[in-house]
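Enquirer: Shown below is the structure under consideration.
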Amino acid sequence: MTRTVHTFCRYCLAACGVTVTVDGNRVTKIAPDKQNPHTWRDFCAKGRTAAALVEHPRRIVAPMRRVGDTYVEATWEEAIDDIASRMSAVIDADCPDAVGAYYGNPAGFSSSNIVFMNGWLDALGTGSRYGVGSIDQNAMHVVAQAMYGSMLMAPVSDVDNCDYFLLVGTNPAVSAWNWLETVPGGWRRTLDRQAQGATIVVVDPLRTESAAKADLHLAVRAAQDWALLLGIVKVVFDEGLEHRGDCAELATGIEDLRALAAEADLDDLAARCGLPRGQIESVARDFATARAAMVVTRTGVSMHVTGTVGEWLGHALNVITGRMDRPGGRRFEPGYVDTIRMSGMVGASTHRNRLSGRPMVAGAHALSELPAEITTPGRGQIRALVINCGNPVVSGPDGAALDRALAGLDLLVAIDFVQRESHRHAHWLLPAVHWLERDDLLAFTSSMHDESYVHYGAQAVDPPPGARQEWRIFVDLAIAMRRPLFRARGLNTFIRATREAARLTGRRGLEFGPHWIDRVTLATGRKVNGRRLRWRDVRAHPHGWVLGPREFGHFRDALRTPDHRVRVAPPEFVARARDLLAAPPPEPPAQFPFTLANRRRRHSMNSWLNELPGLHPSGKGTDVVIHPDDARRLGIADGDRVRVRSRIGGVDLTASIDDEPRPGVVIIDHGWGSRVFDPRGGTPAESFGVNRNLLVDAEPVDPLSQTPALNSTFVAVEKVDQS
Ligand SMILES: Nc1nc2c(c(=O)[nH]1)N[C@H]1C(S)=C(S)[C@@H](COP(=O)(O)OP(=O)(O)OC[C@H]3O[C@@H](n4cnc5c(=O)[nH]c(N)nc54)[C@H](O)[C@@H]3O)O[C@H]1N2
Ligand SMILES: Nc1nc2c(c(=O)[nH]1)N[C@H]1C(S)=C(S)[C@@H](COP(=O)(O)OP(=O)(O)OC[C@H]3O[C@@H](n4cnc5c(=O)[nH]c(N)nc54)[C@H](O)[C@@H]3O)O[C@H]1N2
Ligand code: SF4
Ligand SMILES: [Mo]
């Protein structure tokens, strides 16, 4: 018998509403849910084929313990007992920091994962927490904290009223419009505005799919957006184009920003970013005088050692030209849950890493520091690690160093669907539950959507009996380690009592779990039409629920700075910008004359989904794109085997000659080169493409966001002699 379930895809933040057709316990079809009032227009092949991962032939369906070079299935009791006792021993022999965790991007798409993981890490008292932020969005958190007073204050884009889009370091035609904000169908809506006369400017070293549709493509030099944006800010001030009212009323620090801009020389900035001075001037004038405009900065800006300054100047430009909280600019969406207030209630950790002395950013340390924290002896050396929804050997810098470090751990536990590159040394593989198999309440991120939106994503099928959700694993570990979850005394005993009650009555809902937190979340949200949402109201909206019209006027109230004004020139950002201005523009060294750029594909999701049959034309992810002029000089023809080398590593690929990069820039897609192992069947690992991050040095990092130069590594390219 077939049935349909309305839910949402949790592969990326676009959170597309989907209709899942189920026959028995099998998904037979996934289609966009066109009755969803908010999110289905980005629907893509990744969502359409989501069941292929559920039914992956190499999926782990029971806990697996390493025995020598093979794995054997075990029960959950055995897994939890063994992991808990080994972790407790590690802590007893040293201190809580000896146990750590790395969590990756998909952890954020579950409404329970990170909450319970942190509850368990708090229970242990460990500060060894590593997250995906330092290879993604830390710059945005650092900027939001300093300018707006909360690291979660992410402005959303009012695309439907915008006349001038300045899109810096983003390729929404491929990635959809999401990164700490979700604008469903954002790129299509932007193109609709263009058809009505709006201007799109794309700033990207590559002529991407988005750049190809833009009115103007500025092929900026990698990592030099800060220079371009500072140049635009300078022209705005020099020509008196700033928004006088907002500069006086909304912002503080205007004079400091003006002083910084005055010190900079426009010709120098133009040379740094590789764009003509006249172009910077005309973009500045057009932007500042447009009726409605916005700058949007994204991962192309953040994934460099200059990322925070670039991100900051994008926000600053919006503020000084009066684009905040105005139609066609960026506004604050209160959503249903006041996540800013909630995050303020959780005290920020003061933990510093023992080797670097650096603090956490947004609740986690930088991935670049993890290998040394594992391998360097001393108190607090990490000896046991959980990888929760992550593949840092492929997604992070210097994967080879991390791989070596992971190999030396006393205990490595991976929670995932399949055993990937980063899990190859795991002592335990714990099978996770796919979003098609679990319920998630989309409410915590409701203030990042461009409409006030809540959706309860129901599970479509039952998980394999041996798979478990992460929250459950963390609760079980806390209980087995006799450390109170969330550091709340008595909570473990209470949880055990609820489990017993559920067992005795046969009512599963009695057991403490995320659904309890979901109900508290709903009960403490904002009032909608005079009252708070009830569980049954949410369940009565299976297609998702837009709670009201888009509103302006919430930005100022949401600011968490003491005076409720935007700090437009935080001193640490100004100082960093001065350092960048004082240093000579970075030039590739003679032995590594090319800059390595990066691409994302519509049908990949970072380092996963690359292995799904039917999603990828063969050969993708294995080529390096070289500009025809460079190829000619190097004597490289289309299809030749070439070696790309950096200071720390080398990879071999096939050359593809194309003018998508500018001369001096070569492209290798991010996310490939992750093996998928077969711990159950024992057949050889499947391998797809090449890991370009093996070329990326973990140091230096942006001192503010702790992000390395993921997309601006200097490399050499040479033909491989195949004779
Ligand atoms: N050079 C370069 N590097 C980059 C980027 C780039 O553009 N260029 N992009 C960066 C970005 S934006 C990001 S977000 C990071 C990603 O970095 P990571 O988050 O570390 O890695 P992912 O590739 O997203 O791998 C996610 C893993 O989680 C698993 N998974 C998926 N869903 C679940 C689930 O529900 N439960 C569990 N337990 N596991 C799950 C997948 O199978 C996969 O193994 O990479 C960054 N690295
Ligand atoms: N299909 C697909 N969609 C995704 C993802 C995916 O892996 N696949 N990942 C999701 C995730 S986790 C995230 S964080 C978002 C990211 O969403 P986006 O930030 O839009 O990411 P990209 O599409 O990689 O676009 C970044 C662009 O920045 C450019 N760039 C690189 N260096 C520089 C630079 O120095 N300056 C400038 N101006 N540009 C530069 C790159 O060439 C690239 O075109 O996408 C999400 N959506
Ligand atoms: S992966 Fe595709 S279908 Fe899923 S949420 Fe993202 S854009 Fe939508
Ligand atoms: Mo990301």
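Residue numbers (full-length UniProt numbering): 1 to 723. Ideal placement from N, C-alpha and C gives every residue a C-beta, glycine not left out.
(1) At 4 residues or longer, what runs of the alpha helix (DSSP H) sit wholly inside the segment 596-635?
(2) Do His141 and ligand 2 come close, with the Cβ less than 7 Å from some heavy atom?
(3) Could you check whether the segment 139-153 touches the segment 330-343, counting it as contact only if at least three pairs of C-beta atoms, one from each stretch, sit closer than 8 Å?
(4) Which complete alpha helix (DSSP H) runs does the UniProt domain "4Fe-4S Mo/W bis-MGD-type" (2-58) hold, if anything under 4 residues is left out?
(5) What does DSSP give as the partner residues of Thr713 in its beta bridges?
(6) Going by DSSP, what residue range makes up the beta strand (DSSP E) through Ile415?
(7) Tell whether a beta-carbon distance below 8 Å holds between residue 724 and Leu269.
(8) Cβ of Asp204 versus every heavy atom of ligand 2: is any distance shorter than 7 Å?
(9) Would you say Asp42 touches ligand 3, meaning its beta carbon is less than 7 Å from a heavy atom?
(10) Can you give the Cα-Cα distance for Ile668 and Leu710, rounded to whole angstroms?
(11) Candidates Asp267, Pro184 and Tyr130: which alpha carbon is nearest Arg352's?
(12) CA-CA distance, Gly664 and Asp204?
(13) Here's a check: name, in chain order, each residue in its chain whose Cβ is nearer than 6 Å to the Cβ of Gly396, leaving out the five neighbours to either side.
(14) Could you give the C-beta distance for Val602 and His670, rounded to a whole number, given that I count them as a contact under 8 Å?
(15) Is Ser282 buried or exposed, if buried means 16 or more other CB atoms sit within 10 Å of its CB?
(16) Assuming Thr19 and His6 make a contact with CB atoms under 8 Å, what is their CB distance in whole Å?
(17) Evaluate Arg633 with the Cβ neighbour count: other Cβ atoms within 10 Å of its Cβ, from every protein chain shown; 16 or more gives buried, anything less gives exposed.
(18) Locate the beta strand (DSSP E) running through Gly457, then write down its first and last residues.
(19) Between Met360 and ligand 1, is there a pair consisting of the residue's CB and a ligand heavy atom that are separated by less than 7 Å?
(20) Nearest-angstrom Cα distance between Gly108 and Ile114?
(21) So, is residue 724 buried or exposed, given that buried needs 16 or more other C-beta atoms within 10 angstroms?
(22) Contact check, Asn178 vs Cys9 under 8 Å by CB: the rounded distance?
(23) State the start and end residues of the unbroken alpha helix (DSSP H) segment that holds Glu373.
(24) Closer than 7 Å to a non-hydrogen atom of ligand 3 - does that hold for the CB of Gly185?
(25) Relative to ligand 4, is the shortest distance from any of its heavy atoms to the C-beta of Asp136 smaller than 7 Å?
(26) Straight-line CA distance for Met605 to Pro377?
(27) Do the CB positions of Pro585 and Arg272 come within less than 8 Å of each other?
(28) When we look at the beta-carbon of Lys34 and count the other beta-carbons within 10 Å, is it buried (16 or more) or exposed?
(29) Kindly list the residues whose CB is nearer than 8 Å to the CB of Asp697, restricted to its own chain and excluding five residues on each side of it in sequence; keep chain order.
(30) Can you give, in chain order, each stretch of the alpha helix (DSSP H) that sits fully within the segment 523-593 and has at least 4 residues?
(31) Quick check: the Cα distance between Leu317 and Ala558, rounded to an integer number of angstroms?
(32) Excluding five sequence neighbours on each side, which residues of the same chain lie with their C-beta closer than 7 Å to the C-beta of Glu400?
(33) Looking only at its own chain, which residues have a Cβ that is under 8 Å from the Cβ of Val146, when we skip the five neighbours before and after it?
(34) From which residue to which residue does the beta strand (DSSP E) around Val386 run?
(35) Residue range of the alpha helix (DSSP H) that Val115 falls in?
(36) Closer than 7 Å: is that where the CB of Cys9 sits relative to any heavy atom of ligand 3?
Expert: Considering the structure as presented:
(1) 628-634
(2) Annotation for His141 indicates a beta carbon at 7 Å or more from all heavy atoms of ligand 2.
(3) Yes, the segment 139-153 touches the segment 330-343.
(4) 45-48 and 51-54
(5) Leu596
(6) Where Ile415 is concerned, the enclosing beta strand (DSSP E) stretches over Leu411 to Asp416.
(7) Because the chain here runs from 1 to 723, residue 724 falls outside it and cannot be looked at.
(8) yes
(9) yes
(10) 12 Å
(11) Tyr130
(12) 14 Å
(13) Cβ neighbours of Gly396 beyond the five flanking positions: Ile135 and Leu367.
(14) In the sequence under discussion, the amino acid at residue 602 is Arg, which differs from the Val named in the question. The pair is not a contact, with the Cβ atoms about 14 Å apart (cut-off 8 Å).
(15) Label assigned to Ser282: exposed.
(16) 6 Å
(17) exposed
(18) First-last of the beta strand (DSSP E) with Gly457: Tyr453 to Gly457.
(19) no
(20) 7 Å
(21) There is simply no residue 724 to check, as the chain begins at 1 and stops at 723 in what is shown.
(22) Incorrect: roughly 12 Å between the Cβ atoms, too far for contact.
(23) Leu370 to Thr375
(24) no
(25) At least one heavy atom of ligand 4 falls within 7 Å of the beta-carbon of Asp136.
(26) Using only the alpha carbons, I get a separation of about 36 Å.
(27) yes
(28) With fewer than 16 Cβ atoms within 10 Å of its Cβ, Lys34 is classed as exposed.
(29) Pro397, Asp398, Ser646, Arg647, Ile648, Pro708, Ala709 and Thr713
(30) 535-539, 555-558 and 571-582
(31) 20 Å
(32) Contrary to the premise, residue 400 reads as Ala rather than Glu in this sequence. Around Ala400: Gly649 and Leu694.
(33) This sequence places Ala at residue 146; Val is not what is there. Correct list, in chain order: Trp312, Arg567, Pro570, Glu572 and Phe573.
(34) Ala384 to Asn388
(35) Asn113 to Leu124
(36) yes
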